[in-house]
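Trainee: Please see the structure below; I have some questions.
In the working numbering, the protein residues as written are -5 to 436.
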């Protein structure tokens, strides 16, 4: 019998799936190379490499700013952050632009990997080729989101940090104990420590201790090279983090989409802000604790319904909101949050109007021109009207509204009588099928 007689005929559906998959991957690759091509001044990569050279040579890392063109900016990462960037610095053939291209293309592929793992968890009952198509098309769209392309324009490390955290949390085979990669991520940049809230709410203290051990070991590895810089960072630099003197840019700058920056911009003048520093910190603390408390409650509600991916994505929103500095390019997490939330909206939550509108408007805003840029780059934020100041804090409001929309929608999603096993069950290469709750809820 010939191959033509035994091979099933390809249906129009098969052709559409194949075509969309090829187009998705093609568009994603084209967007990735375009991001690398248009990045003509990768300022953060220049600062990274100067910081690494100072780290290796024994020069001042933190008290002396690094030079990038006409800009002078500080290196603000822990010493281990410099250690992991050594491969982008020590080779003679690796200049700033080659290093930036490597970071941009690598980050694009890491977004694809994260989407693959997350969508595999969500769409576990969907046939693999359809899931591959969805992953390819989603990847192409996420590379157009403002935080993603802005991150690429600076050749920033944020996607690498996100990928380490996602690899630690998503269902997959594990060669390292859970918590280890979050510890590594936190040793590069401290903010991922906030992601331990997910383990705390699950009472997974082993993962917390593992993350702490990993963080300590990575930090000690850097300290073995530069003990003085390690002491300086954790005793001096860290205490001043969130101030313009330490980060090199005014924290009230419109790109800073955090609770603290939102409050700072509500002051009328810089002098008024400076005179009320204690009040600012008290308000920030109250808002942060409120977001942690209410966000933690939402995470628990999601976990009770076996929506673990959603829970740790909410944790990421909490992390971004409570951090003193969350520049727009730090919000690369939306590349995962939006597709996950839209899928839940359509397949699990009953398509609630409020959440759907919030997600669609947020997505459109990030595909076009976010309100934070409507009044100009470098605008005097204190001179803006109250309404304009609200608009400038766009991602803060969208994050809070997304969390509110999820909380309201969950009221109609019953808690299963017996919740599925937690992530520890997911050490297999793919989540098991069975009575684990709504489809794709790993």
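Where a beta carbon is used, it is the ideal one built from N, C-alpha and C, also for glycine.
A quick note: this is a predicted structure, and the numbers were derived from the prediction, not measured.
1) Report buried or exposed for residue 254, applying the criterion of at least 16 other Cβ atoms within 10 angstroms of its Cβ.
2) Using 9 Å as the threshold, is the C-beta distance between residue 99 and residue 161 below it?
3) Cβ atoms of residue 140 and residue 308: under 9 Å apart, would you say?
4) Three Cβ pairs or more, each shorter than 8 Å: is that satisfied between the stretch 291 to 301 and the stretch 183 to 190?
5) Taking 8 Å as the limit between beta carbons, can you name the residues of its chain near residue 230, skipping five residues before and five after?
6) So if DSSP puts residue 397 in a beta bridge, which residue, or which two residues, is it bridged to?
7) Who are the near neighbours of residue 12 in its chain, counting only those whose CB is closer than 7 Å to its CB and skipping five residues on each side?
8) Across the stretch 209 to 216 and the stretch 59 to 70, are there enough close Cβ pairs to call them in contact, namely three or more that are closer than 8 Å?
9) According to DSSP, simplified to helix, strand and coil, what is residue 434?
10) Identify whether residue 107 lies in helix, strand or coil by the three-state DSSP scheme.
11) So what's residue 321 in DSSP terms, helix, strand or just coil?
12) With which residues is residue 250 paired in a DSSP beta bridge?
13) Below 8 Å, can you find three or more Cβ-Cβ pairs linking the stretch 141 to 156 to the stretch 29 to 41?
14) Return the bridge partner residues of residue 61 from the DSSP annotation.
15) Please work out which residues of its chain come closer than 6 Å, Cβ to Cβ, to residue 48, disregarding the five sequence neighbours upstream and downstream, and give them in chain order.
16) Apart from the five residues on each side of it in sequence, which residues of its chain come closer than 6 Å, Cβ to Cβ, to residue 333?
17) Are the Cβ atoms of residue 337 and residue 345 separated by less than 9 Å?
18) With a cut-off of 8 Å on the beta carbons, I'd call residue 246 and residue 314 a contact; round off their distance for me.
19) Apart from the five residues on each side of it in sequence, which residues of its chain come closer than 6 Å, Cβ to Cβ, to residue 429?
20) CB-CB under 7 Å to residue 201, same chain, minus the five flanking residues each way: which ones, in chain order?
21) Would you kindly report the start and end of the unbroken alpha helix (DSSP H) that includes residue 376?
22) Sort 223, 195, 64 and 390 by Cα distance to residue 298 and report the nearest one.
23) Kindly confirm or deny that the stretch 151 to 166 and the stretch 102 to 109 touch, where touching means at least three C-beta pairs closer than 8 Å.
24) Between the Cα of residue 38 and the Cα atoms of 288, 102, 228 and 75, which residue gives the shortest distance?
25) Should residue 115 be listed as close to the ligand SAH, given that the test is whether its C-beta is under 8 Å from any heavy atom?
26) Count the other CB atoms within 10 Å of the CB of residue 484; is the residue buried (16 or more) or exposed (fewer)?
27) For residue 5, which three-state DSSP category applies?
28) Between residue 326 and residue 251, what straight-line distance do the alpha-carbon atoms span, to the nearest angstrom?
29) For residue 396, tell me which candidate among 378, 278, 177 and 351 has the shortest Cα-Cα distance.
30) Give, in chain order, every unbroken run of the alpha helix (DSSP H) that is at least 4 residues long and sits entirely within the stretch 280 to 346.
31) Would a C-beta distance cut-off of 9 Å place residue 134 and residue 206 closer than the cut-off?
32) Which of the three DSSP states, helix, strand or coil, is assigned to residue 121?
33) Use the C-beta contact count for residue 185: other C-beta atoms within 10 angstroms, 16 or more gives buried, fewer gives exposed.
34) Taking residue 353 as the reference, which of 388, 286 and 166 has the closest Cα?
35) Is it right to say residue 43 is buried, meaning 16 or more other beta carbons lie within 10 angstroms of its own, or is it exposed?
36) In three-state DSSP terms, what is residue 143?
Mentor: Quick look at the numbers:
1) buried
2) Taking the C-beta atoms as reference points, residue 161 is found no nearer than 9 Å to residue 99.
3) no
4) no
5) 56
6) Beta-bridge pairing links residue 397 to no other residue.
7) none
8) They do not touch, by the three-pair rule.
9) With a pLDDT of 34 at residue 434, under the threshold of 50, the modelled position of that residue is not reliable, and the figure given next carries that caveat. The answer is coil: DSSP assigns residue 434 none of H, G, I, E or B.
10) helix
11) Strand.
12) 321
13) yes
14) 66
15) The residues 55, in chain order, have a CB closer than 6 Å to that of residue 48 in the same chain once the five nearest residues on each side in sequence are set aside.
16) 132
17) no
18) No, residue 246 and residue 314 are not in contact; Cβ-Cβ is about 17 Å, not under 8 Å.
19) Because the pLDDT at residue 429 is just 30, under 50, the model does not fix this residue reliably, and the point stays unresolved.
20) The residues are 172, 173 and 193.
21) Run containing residue 376: none; DSSP gives neither H nor E here.
22) 195
23) yes
24) 75
25) Looking at this structure, you won't find the ligand SAH or any other ligand, since it has none at all.
26) Nothing about residue 484 can be reported from this structure: the residues present for the chain run from -5 to 436 only.
27) coil
28) If I take the Cα positions, the gap works out to 12 Å.
29) 351
30) 302 to 316 and 328 to 341
31) no
32) In the structure shown, residue 121 adopts coil according to DSSP, grouped into three states.
33) buried
34) 388
35) buried
36) helix
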